[in-house]
Amino acid sequence: MESTQTSDWVARSLRSVWHPCTQMQHHETVPLIPVKYGRGAWLYDHEGRRYLDAISSWWVNLFGHANPRINAALKDQLDSLEHAMLAGFTHEPVIELSERLAALTGHNLGHAFYASDGASAVEIALKMSFHSWRNKGQADKQEFVCLKGSYHGETIGALAVTDVALFKDAYGPLLRATQTVMSPDARQAAEGETAQERAENAARRAAADVERLFNERGDKIAAIIIEPLVQCATGMAMHDPLYLQLVRALCDRHSVHLILDEIAVGCGRTGTFFACEQAGVWPDFLCLSKGISGGYLPLSLVLSRDEIYQAFYSADVTRGFLHSHSYTGNPLACRAALATLDIFEQDNVLAANKVRAERLTKALAPLANHERIKDARQQGMIWAFDAIDAGPAFSRRYFAEATRQELLLRPIGSTIYLMPPYILDDEEIDGLAARTLSVFEATLAGAGA
Ligand SMILES: Cc1ncc(COP(=O)(O)O)c(C=O)c1O
């Protein structure tokens, strides 16, 4: 009876739902899992099987599924205001959230512009950058720079500054040309005695590439967009904070905006609330989404400097930023974000995560030292491991085996990574580490390795 229910949901979903980032034909062999409910770090299916959500449901969930505190805030908000348009009107949740985020940036980024998904925040930052130069009489500054392996979303503008061939190539004719510079990925570093020296050398080499480009055509460039500290979607490529310091200085020298896309790495993921805090620099635009609503509701935003805001402030309507989305600043989403910020404060989450991270790193040592693993790396609450000679379709085979062992893990190519919610207890940490390894071994064995 129960299993009929599951296959029924699967059949109905495959008939009517077009799933994201999926070649639908793969579901002829890879199972689709209907989720019935979530509690804490776990998702449960209709047959009572459970899955530890070790990638926070695409990097959004910070404090577990059905979190009682976020639930309570949302229920309270539902009884007062579910939505009101943000043009001509305003409301308490959006005001409070904007104030608290500005305070978290030390009031360096004091103006919050809202949207829903990450990609729309990227679109906003790109448009704002270009338009603010135009308003300042520098309409020639129209080009954008992105990093090799960068990922900023799937809409046309965001895809133009993305450098992942699999997502981009089919749409090439639709996209604006973009300048692409070297990635500071620390794995590429060749010279240096210590890992730190090598990471700094990779940062310097990549910053020199930015300098070369800015020297050539800085007067044409509006902005450079960077995922600070970790380029997640390209396979958790990590870099030294020095890179951000060097690029910030180059942006100042050449009058180029720095857009930091903290959609994946913000909200404590790298160990500080904002990743850029580790470099001691602030961008001109900071994009935030995913974890900001605790993984509850689509919410994204762009924080910008006062100088940018002032470039739009005028009696002339066309100098204003006339961009909008219907659900901009949705009160429910903002309230979820406020509840999320409350948890950060009340539970001293960043300090607690340090302890969690140390335990998980120790527990993962057998995987890090496995003969078929290289470049084990960690930044805050992100761990990544590159499989050697992983074999064809490694990611799909690992995912399928992981679900058999109660884990939700989806490698990127041959990179196994963990991005768990910030609530794992010791038992969950140890179990997660042990199973990440046993799934790896079973996947290798299945490939006849
Ligand atoms: C760094 C980064 N930017 C932008 C996006 C796009 O966000 P969304 O999928 O919400 O549009 C993502 C999504 O993974 C991301 O990792």
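Residue 352 in this note's numbering is what sits at position 361 of the sequence shown, and the numbering runs on without skipping anything.
Ideal Cβ positions, reconstructed from N, Cα and C, are used throughout, including at glycine.
In the displayed model, serine 291 falls within a strand according to three-state DSSP.
For lysine 118, no beta strand (DSSP E) encloses it; the enclosing alpha helix (DSSP H) starts and ends at 109 to 126. Burial check for asparagine 321: the Cβ neighbour count within 10 Å reaches 16 or more, so the residue is buried. In chain order, the residues with a C-beta atom nearer than 6 Å to some heavy atom of ligand 1 are Asp108, Gly109, Ala110, Val113, Tyr142, His143, Gly144, Glu218, Cys223, Ala224, Asp252, Ile254, Ala255 and Ser280. Runs of beta strand (DSSP E) with 3 or more residues, each lying fully within the stretch 168 to 208, are found at 170 to 172, listed in chain order.
Excluding sequence positions up to five before and after leucine 398, its CB lies within less than 8 Å of the CB of Tyr42, Leu43, Ala45, Leu423, Arg426, Thr427 and Val430, all in the same chain and listed in chain order. A contact between stretches requires three or more CB pairs, one per stretch, nearer than 8 Å, and the stretch 343 to 351 meets this requirement with the stretch 408 to 424. By the CB criterion at 8 Å, valine 256 and cysteine 278 fall outside the cutoff. Boundaries of the alpha helix (DSSP H) harbouring cysteine 325: 322 to 337, taken from the DSSP string. 8 Å or more divides the Cβ of phenylalanine 104 from the Cβ of leucine 288. In its chain, beyond the 5 residues on either side, Arg60, Ile61, Ala64 and Gly285 have a beta carbon closer than 7 Å to the beta carbon of alanine 330.
Between the beta-carbon of glutamate 145 and that of alanine 110 there is about 6 Å, and that keeps the pair under the 8 Å contact cut.
Around the Cβ of lysine 132, a 10 Å sphere holds 16 or more other Cβ atoms; the residue is buried. The beta carbon of leucine 204 lies closer than 7 Å to those of Val136, Gln170 and Val172 in the same chain, with the five residues before and after it left out.
Scanning the stretch 29 to 107 for uninterrupted beta strand (DSSP E) segments of 3 residues or longer gives 33 to 36, 41 to 44 and 102 to 106, listed from N- to C-terminal end. Here the alpha carbons of lysine 211 and tryptophan 124 stand approximately 11 Å from one another. Counting every other CB atom within 10 Å of its CB across the protein chains shown gives asparagine 58 a total of 16 or more, marking it as buried. Here DSSP, grouped into helix, strand and coil, assigns valine 221 to strand. Restricting attention to beta strand (DSSP E) runs no shorter than 3 residues, the stretch 226 to 284 encloses them at 248 to 252 and 276 to 279, ordered along the chain. Apart from sequence neighbours up to five positions away, the residues of its chain that approach valine 238 with a beta-carbon distance below 8 Å are Ala198, Val201, Ile215, Ile217 and Leu249, ordered along the chain. Here cysteine 137 is bridged, per DSSP, to Thr171.
When beta bridges are read from the DSSP output, lysine 365 appears opposite Asp377.
Our two residues, glutamate 268 and alanine 342, have alpha carbons roughly 15 Å apart in a direct line. Listed in chain order, the beta strand (DSSP E) runs fully inside the stretch 368 to 429 are 373 to 378 and 406 to 409, counting runs of at least 3 residues. One thing to note: glycine 226 has its Cβ within 8 Å of the Cβ of isoleucine 403. By alpha-carbon distance to arginine 40, the top candidate from Glu182, Thr434, Arg395 and Pro232 is Arg395.
Valine 340 carries a helical assignment under DSSP once its states are collapsed to helix, strand and coil.
Sequence-distant partners of serine 174 (beyond 5 residues in either direction) whose C-beta falls short of 7 Å from its own C-beta, in its chain, are Leu138, Lys139, Gly140, Ala197, Gln222 and Ala228. About 14 Å separates the CB atoms of arginine 244 and aspartate 275; that is not less than 8 Å, and the two are not in contact. Minimum Cα-Cα distance from aspartate 380 among the listed residues Thr434, Ala324 and Ile334 corresponds to Thr434.
The DSSP-derived three-state label of valine 21 is coil. Assignment of valine 26 by DSSP, reduced to helix, strand and coil, places it in the strand class. Counting of Cβ neighbours within 10 angstroms places phenylalanine 376 among the buried residues, the total reaching 16 or more. DSSP places lysine 159 in the uninterrupted alpha helix (DSSP H) bounded by 156 to 159. Here cysteine 242 is buried. Its C-beta has 16 or more other C-beta atoms within 10 Å.
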